[in-house]
Amino acid sequence: MFQLIQQNDGLSIGVFGIGGCGCNTLNSIFEQRESEQAHLYSVNTDKVVLEHTQSDEAVLIGAELTHGYGAGADPKVGLQAAEESKDQLLTLINGCDIILCATGLGGGTGTGASPYIAQLASEQNKPVIFVATLPFSSEGQFRSNIAQAGLNELKEHANAVITLPNDQLIEVLGNDIGLFDAFKHSNQILHSLIKSLIDMLCYQGLINVDLNDFAKIMDCQGDAVLGVGKCNDESELTTALDSALNNPLVNQVDMSSSTGVIIQVNCKDEISLGSYNLITDTVRQQVSSNALVICGVSKIESLSTNYELLVIATGASSKMVIDDLNKDKQPEEKEPNKAEPETTDIFDIPAFIRNQAPAPCTK
Ligand SMILES: Nc1nc2c(ncn2[C@@H]2O[C@H](COP(=O)(O)OP(=O)(O)OP(=O)(O)O)[C@@H](O)[C@H]2O)c(=O)[nH]1
Ligand SMILES: [Mg+2]
Numbered sequence: 132m133f134q135l136i137q138q139n140d141g142l143s144i145g146v147f148g149i150g151g152c153g154c155n156t157l158n159s160i161f162e163q164r165e166s167e168q169a170h171l172y173s174v175n176t177d178k179v180v181l182e183h184t185q186s187d188e189a190v191l192i193g194a195e196l197t198h199g200y201g202a203g204a205d206p207k208v209g210l211q212a213a214e215e216s217k218d219q220l221l222t223l224i225n226g227c228d229i230i231l232c233a234t235g236l237g238g239g240t241g242t243g244a245s246p247y248i249a250q251l252a253s254e255q256n257k258p259v260i261f262v263a264t265l266p267f268s269s270e271g272q273f274r275s276n277i278a279q280a281g282l283n284e285l286k287e288h289a290n291a292v293i294t295l296p297n298d299q300l301i302e303v304l305g306n307d308i309g310l311f312d313a314f315k316h317s318n319q320i321l322h323s324l325i326k327s328l329i330d331m332l333c334y335q336g337l338i339n340v341d342l343n344d345f346a347k348i349m350d351c352q353g354d355a356v357l358g359v360g361k362c363n364d365e366s367e368l369t370t371a372l373d374s375a376l377n378n379p380l381v382n383q384v385d386m387s388s389s390t391g392v393i394i395q396v397n398c399k400d401e402i403s404l405g406s407y408n409l410i411t412d413t414v415r416q417q418v419s420s421n422a423l424v425i426c427g428v429s430k431i432e433s434l435s436t437n438y439e440l441l442v443i444a445t446g447a448s449s450k451m452v453i454d455d456l457n458k459d460k461q462p463e464e465k466e467p468n469k470a471e472p473e474t475t476d477i478f479d480i481p482a483f484i485r486n487q488a489p490a491p492c493t494k
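Numbering of the sequence shown is given in our numbering, commencing with residue 132 and proceeding in unit increments.
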């Protein structure tokens, strides 16, 4: 059980990007960061990636073990690297009230270091939430197995693990979208989940969800659902709620067994009592009748849309496991979302692909 904290005024949120994917996500969070209460920490065995990641503090883990050259898709090396840098990680963890992490499972650093970081955080009684990608089937069974083992371990230590299977990027965005644009899209989702959590915890609400409420919900054992929906018109709130609960890029979890839920409504101006009740009732009906339901409402003038809904449900059982994702699937014929063409910087290229090219040798 977490220690109770009086108020969220001085709340400090540590956002850790672990491994190549986690660092990519951090870059997008850094560019759009609004809250000074969120501190961004990039954690990697790969020195070059760290040098190109925007964060408040870069932590090169396992410098003696890997000499800054990555964990070579070996989670054991990722774990040993994190163990080597335990003191530095603990100092950062102890400076935070809550830990939010982004990582990609299937490589060495993210898969090996993440469960260890989650364990360190939970030993310090800090709530710790992960958003993690699962590898494409096309990356092979080896990475898939690594990811599954890492996910199981991560679930043992983290309060909540939200997974985004990369395969679902193909299903949703279509086969024709460029790989880098697909990753950007996925990183944007990782980012928006983390940003909504930060907003909920940092802005003083009219009806406030604070760290104590949050910790109570995070204490529920089991799988977690976390979704964000946005809209401009009050009449679209139910559609926004639906997209929060059914984001096709996020692994689906059966909410009917959830035992704890937070529903956070952020609005630029105001929300009618009727709409507020409709949202809370709709969510309440989808979870266990005994579930603890906590609702919050905040007025945030800087929102990008008029309304933003965040739903976190914990204590549920997962419908889908990674093996299901690796079965042969025929992607539905869908009009791929045409992403805006954007220039691609070398460091927009996911590290696990980039690393297949010879590394610049600085030794
Ligand atoms: N959605 C998304 N997935 C990514 C991205 N980068 C990597 N991945 C996925 O994450 C998995 C792990 O890759 P990395 O994060 O580069 O690996 P790492 O944790 O740095 O591990 P090592 O490089 O082996 O030390 C890959 O197999 C990909 O499936 C990204 O930017 N977005
Ligand atoms: Mg890497």
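Cβ coordinates follow ideal geometry from the N, Cα and C atoms, glycine included.
As the structure is a prediction and not an experimental result, all values here were calculated from the model.
Where does residue i sit, in a helix, a strand or coil, going by DSSP?
i    : result
A194 : helix
I348 : helix
G238 : strand
F267 : coil
D228 : coil
K361 : strand
E367 : helix
H183 : coil
Y334 : coil
E463 : Note that E463 scores a pLDDT of 39, beneath 50, so its modelled location is shaky and nothing firm can be said.
K430 : strand
S173 : strand
N343 : helix
N155 : helix
E302 : helix
L310 : helix
G281 : helix
D205 : coil
G243 : helix
N408 : helix
Who are the near neighbours of residue i in its chain, counting only those whose CB is closer than 6 Å to its CB and skipping five residues on each side?
i    : result
I144 : Q168, A169, I229, I329
L357 : I293, L324, I443
S245 : I149, T234, L285
L196 : Q211, A212, E215
G239 : A202, G203, A204, D205, P206, V208, G209
T411 : I394, C426
Alpha carbon to alpha carbon, how far is residue j from residue i? Give it in angstroms, no decimals.
i    : j    : result
Q185 : K315 : 16 Å
E302 : L376 : 18 Å
A371 : F345 : 22 Å
V452 : I293 : Low confidence applies to V452: its pLDDT is 32, below 50, so where it sits in the model is not reliable enough to give any reading.
S323 : L231 : 12 Å
N256 : N306 : 43 Å
K469 : F311 : Note that K469 has pLDDT 35, beneath the 50 cutoff, so the model's placement of it is unreliable and the number below is only indicative. About 13 Å.
G193 : F161 : 24 Å
K361 : K207 : 40 Å
M349 : N175 : 27 Å
N500 : C398 : The question about residue 500 has no answer, for the chain in this structure spans 132 to 494.
L441 : G405 : 18 Å
Q395 : P296 : 25 Å
L181 : S159 : 14 Å
G141 : G226 : 12 Å
G427 : Y407 : 10 Å
M331 : F273 : 38 Å
V392 : E367 : 22 Å
With a threshold of 8 Å on Cβ separation, who are the neighbours of residue i within its own chain once the five nearest residues in sequence on each side are excluded?
i    : result
D400 : K430, N437
A278 : L236, G237, T242, L265, P266, I453
Using CA atoms only, rank isn't needed, just tell me which of the options is closest to residue i.
i    : options                : result
I224 : S253, Q211, A447       : S253
I338 : N378, E162, I402, K178 : I402
G235 : T264, G427, K257, E270 : T264
S216 : I393, G199, G309, L332 : G199
E165 : T445, S435, G446       : S435
S389 : R415, C398, I260       : R415
D177 : G148, Q335, A291       : G148
A422 : Y172, V428, M386, L440 : M386
A355 : I308, D341, E287       : E287
L171 : L321, V146, P379       : V146
D218 : E188, L251, A189       : L251
V424 : K347, E365, D373, E439 : K347
Could you tell me how far apart the beta carbons of residue i and residue j are, in whole angstroms, since I believe they sit closer than 8 Å?
i    : j    : result
G241 : G271 : Contact flag wrong, Cβ pair sits at about 17 Å.
By Cβ distance, which residues of its chain are closer than 7 Å to residue i, with the 5 residues on each side in sequence left out?
i    : result
L380 : L295, Q299, L300, V303, S317, I320
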